[in-house]
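Undergrad: Sequences listed follow chains A and B, in order.
Using this note's numbering, read the first sequence as starting at 295 and increasing by one per residue.
Using this note's numbering, read the second sequence as starting at 295 and increasing by one per residue.
There are 2 protein chains.
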Amino acid sequence: MQKDLPELRLLTTPTAQLQVSGATLVDVARVAGVSPITVSRALNQPHLVRPNTLAKVQAAVQETGYAKNMQPGALASSRSKLVALVLPTISNQIFADMVQGTSDTLTEAGYQLLLGFSGYEEWREEILVETILSRRPDGIILTGTLHTDSTRRRLQQAGTPVVETWDMTASPIDTVIGFSHEEVGHATATHLLQRGRKRFAILTAGDPRAARRNQGLQVALAKQGISVMATHTAAVPGTLPAGREGAARLLDAHPDLDAIVCSSDNLAHGALIEAGSRGLDVPGKLAVMGFGDLNFSSHTVPPLSTVRVDGARIGAAAAQAILERLDGAAKAQPARSVNTGFELIQRGSS
Amino acid sequence: MQKDLPELRLLTTPTAQLQVSGATLVDVARVAGVSPITVSRALNQPHLVRPNTLAKVQAAVQETGYAKNMQPGALASSRSKLVALVLPTISNQIFADMVQGTSDTLTEAGYQLLLGFSGYEEWREEILVETILSRRPDGIILTGTLHTDSTRRRLQQAGTPVVETWDMTASPIDTVIGFSHEEVGHATATHLLQRGRKRFAILTAGDPRAARRNQGLQVALAKQGISVMATHTAAVPGTLPAGREGAARLLDAHPDLDAIVCSSDNLAHGALIEAGSRGLDVPGKLAVMGFGDLNFSSHTVPPLSTVRVDGARIGAAAAQAILERLDGAAKAQPARSVNTGFELIQRGSS
DNA sequence: CTGTTAGCGCTTTCAA
DNA sequence: TTGAAAGCGCTAACAG
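1) Would Ala390 of chain A pass as an interface residue toward chain B - the criterion being a Cβ-Cβ separation below 7 Å?
2) Within 10 angstroms of its Cβ, does Asp654 of chain A collect 16 or more other Cβ (buried), or is it exposed?
3) Are Gly601 of chain B and Val513 of chain B touching if we call contact CB-CB under 7 Å?
4) Under 8 Å Cβ-Cβ, which residues of chain A neighbour Leu449 of chain B?
5) Using a Cβ-Cβ cut-off of less than 8 Å, give me the residues of the region 382-409 of chain A that come near chain B, in sequence order.
6) Would you be able to state if there are at least three C-beta pairs under 8 Å between the region 374-390 of chain A and the region 426-443 of chain A?
7) Please check if any C-beta of chain A sits within less than 7 Å of the C-beta of Ser599 of chain B.
8) Given this structure, state the Cα-to-Cα distance separating Arg630 of chain B from Leu638 of chain B, to the nearest angstrom.
9) So, at 6 Å on beta carbons, what are the nonlocal neighbours of Gly510 of chain B in its own chain, with the 5 sequence-adjacent residues on each side left out?
10) Once DSSP output is grouped into helix, strand and coil, what is the label at Leu264 of chain A?
11) Starting from the Cα of Gly316 of chain A, find the closest Cα among A:Ala553, A:Lys350 and A:Glu357 and give me that residue.
12) Would you say Leu561 of chain B and Val582 of chain B are within 7 Å of each other, going by their C-beta atoms?
13) State the start and end residues of the unbroken beta strand (DSSP E) segment that holds Arg318 of chain B.
14) Taking Lys362 of chain B as the query, report the chain A residues whose CB atoms sit under 7 Å from its CB, ordered along the chain.
15) I need the straight-line Cα distance from Ser465 of chain B to Ala611 of chain B, nearest angstrom please.
16) Taking C-beta pairs closer than 8 Å, name the residues in chain A that Ile435 of chain B reaches, listed in chain order.
17) Which of the residues in the region 529-555 of chain A, read from start to end, lie with their CB under 7 Å from any CB of chain B?
18) Within the present structure, is the beta-carbon of Phe585 of chain B separated from the nearest heavy atom of the ligand GTP by less than 6 Å?
19) If you follow the alpha helix (DSSP H) that Asn671 of chain A is in, where does it begin and where does it stop?
20) Could you give the distance in angstroms between the alpha-carbon of Ile471 of chain B and the alpha-carbon of Phe636 of chain B?
21) So for Met583 of chain B, helix, strand or coil by DSSP?
22) What residue from B:Ala541, B:Gln518, B:Lys517 and B:Leu534 has the CA that sits closest to Ala524 of chain B's CA?
23) Does the distance from the C-beta atom of Gly609 of chain B to that of Met392 of chain B stay below 7 Å?
24) Tell me whether Asn633 of chain A is buried or exposed, calling it buried when 16 or more other Cβ atoms sit within 10 Å of its Cβ.
25) Rounded to the nearest angstrom, how far is the Cβ of Leu422 of chain B from that of Gly410 of chain B, given a contact under 8 Å?
26) Classify Leu312 of chain A as buried or exposed, calling it buried when 16 or more other Cβ atoms lie within 10 Å of its own Cβ.
27) Taking Cβ to Cβ, would you say Ala361 of chain B is nearer than 7 Å to Val457 of chain B?
28) Using alpha carbons as the reference points, say which of A:Arg335, A:Ala569 and A:Leu620 lies closest to Lys350 of chain A.
29) Scan the region 477-537 of chain B and note each continuous beta strand (DSSP E) run of 3 residues or more that stays entirely inside, going in chain order.
30) Give me the residue from A:Phe494, A:Arg493 and A:Asn508 with the minimum Cα distance to Gly500 of chain A.
31) Name, going along the chain, the residues of the region 475-505 of chain B whose beta-carbon falls closer than 9 Å to a beta-carbon of chain A.
32) Run through chain A and tell me which residues come within less than 8 Å of Gly564 of chain B, C-beta to C-beta.
33) Looking at Ala452 of chain A: is its Cβ nearer than 7 Å to the Cβ of Leu427 of chain A?
34) Could you have a look at Gly570 of chain A and say whether DSSP puts it in helix, strand or coil?
35) How long is the line joining the alpha carbons of Arg641 of chain B and Arg447 of chain A, rounded to whole angstroms?
36) Hey, Pro502 of chain A and Thr437 of chain A: beta-carbon distance below 7 Å or not?
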């Protein structure tokens, strides 16, 4: 029994791609003998449709081979079900963890993730934000709180929910979720000083937040009259071999170091391997501190100590914040700050 | 001189979000004194517009504060400028590298990346593909060549360019870009056998492609009458501590092992650290092989040997393949297979 | 619970 | 080089 099925239309677009256009809502409606809006409801808010009608629609969907198309709906409703995430790079495990946390949360809520990279450059971020905005996402998650004025302005006037992550600030664009990097540096200093460390070196990647942690470390050390003996800066992202090489340089120049503070676990593992190859006792003679110690993608091993931050949690919380802003929009919620904190993981008896 | 600027319209959507709707093409056209389509051309194909007109449009854009909106254009032209990437997880460095390579290539071409995770589960992939398709991306990049029949069918009928990656197959959905995992296993066996290794263990994560590499390894070893002494399987993704623990178990059970073949560099680094803590000479007494050795996010250190695969290159090539299919669509290009190969990195004199 | 009407904001097509 | 008309496929708002 062949009802009036929509014929397969062959469309040749000007860019000359030959494509098969499938059935539309209208086609389904015709076959089901209802109106298009009823099909829309049956598909998206089935509880608003009588079971009987629902069944007819479902049958028609089968018969026509209808495939959902969110694009027109997004246009008509101004809800794209898309959330954008702007990262400096994915080549750092903490960001990989964050992506997973963000994506999982969004997927569960029926949203999808648009991903873009700024390469730690503000001007790139500015262009990227503009491009992203042109897609009208339902929310934007940014890394850090350092943006050009123009980016901030653009984001504010767009009226899209924005979450800044991995940091704290007194003047957020909208919502911030993260922790204080100065505090991390301070806590690291306290931790190592309490254990009698006196001869410090910093092994860091050229990342603005790492710089702030180092700053916090140095300020806290200075209060005890201690200054860092040497700093080695590696390119972003800090890799394991770069960590090994950096540690080698530091130890060559200062064989009596008793603490190397690294800006990432990758660098720290490199340092650990270098120390091992020199027969240095870690953490007996030399303490090595990392940063990260993630859930999904990487974990440190003893005898490394590290600062644990939960990238997946930050990502999930950021996504959650967007979602809440979206459905609670009427309540005009105020901007929020969420401090996710960090945790110092001590290993060995150093 | 206040021309008839569009007033800022306050829209209250049913979901009750208060948002400011900006100027549209029509607004710009009115201010510029031209037709909407001319504004569209001035913005997207400026070479088709007289410089004089162009200037008027640009001035009007300034004056109205017009912000580009791709959504209606995507609907009207069936070109979303969106490419989707489906990964099992991001918690594996090789995929992180791939994301970066894909994103960089797409961004340069004015496209953006939609990212989704299947968690190594076919049914998740199937749902994800359906959701992705409902957004009408211009292309889809998948991981591996193992998909449900229904996924394959759906993808084919959608008429969207598809690239399968990280593998080779005789029956691609469309295009494949990757290498043979059996060959990797074979090459690894040959390499180690040539260096006199006889007592093998496998340290692997439960990943289908890793399984195929192990398979290739074992087949090649069997030809020399050698069988693997033990296999330790860790959860995906293989982490450094898991590698260390797995190596410990293997070495406890078989102290005389002379080769541990790992399914990732993460696991291998863990094994290396364990070997170091036992005072085992690597690679003198024990060879440790990794897999990955990436460009962006991770590199192995000596004395680890490894199989190098270029995730960023695979990602970039996949994006490129989509783009080519898009603009050369008229030529109805045939499906292609690209073997990106791999490279065995030998370190130490083992 | 279901339908009617009127767009969402841009692009395509064809004509001038 | 520019414009007019006609959608793209779906949803909002309101009426029945």
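Ideal Cβ placement from N, Cα and C applies to all residues, glycine included.
TA: Once the coordinates are examined:
1) yes
2) Lying before the first or after the last residue shown, residue 654 of chain A is absent from chain A, which here runs from 295 to 644.
3) Note that residue 601 of chain B corresponds to Val in the displayed sequence, not to Gly. No, the Cβ-Cβ distance between Val601 of chain B and Val513 of chain B is not below 7 Å.
4) Going along chain A, no residue has its Cβ under 8 Å from Leu449 of chain B, so there is no contact; the nearest lies around 12 Å.
5) Thr383, Ile384, Ser385, Asn386, Gln387, Ala390, Asp391, Val393, Gln394, Ser397, Asp398, Thr401, Gln406, Leu407, Leu408 and Leu409
6) yes
7) no
8) 26 Å
9) Glu476, Gly479 and His480
10) Within the shown structure, residues of chain A are numbered from 295 to 644, placing residue 264 of chain A beyond reach of any answer.
11) A:Glu357
12) no
13) First, the amino acid is wrong: residue 318 of chain B is Thr here, not Arg. Run containing Thr318 of chain B: none; DSSP gives neither H nor E here.
14) Ser428
15) 19 Å
16) None at all; the shortest Cβ gap to chain A is about 13 Å.
17) Pro531, Thr533, Leu534, Pro535 and Arg538
18) Annotation note on the ligand GTP: not contained in the displayed structure, which lists no ligands.
19) Given that chain A is displayed from residue 295 to residue 644, the structure contains no residue 671 of chain A and the question cannot be resolved.
20) 12 Å
21) strand
22) B:Ala541
23) yes
24) exposed
25) 5 Å
26) Here the model assigns Leu312 of chain A a pLDDT of 36, short of 50, so the residue's position is not dependable and the matter cannot be decided.
27) no
28) A:Arg335
29) 494-499 and 524-528
30) A:Asn508
31) none
32) Val595
33) yes
34) helix
35) 53 Å
36) no
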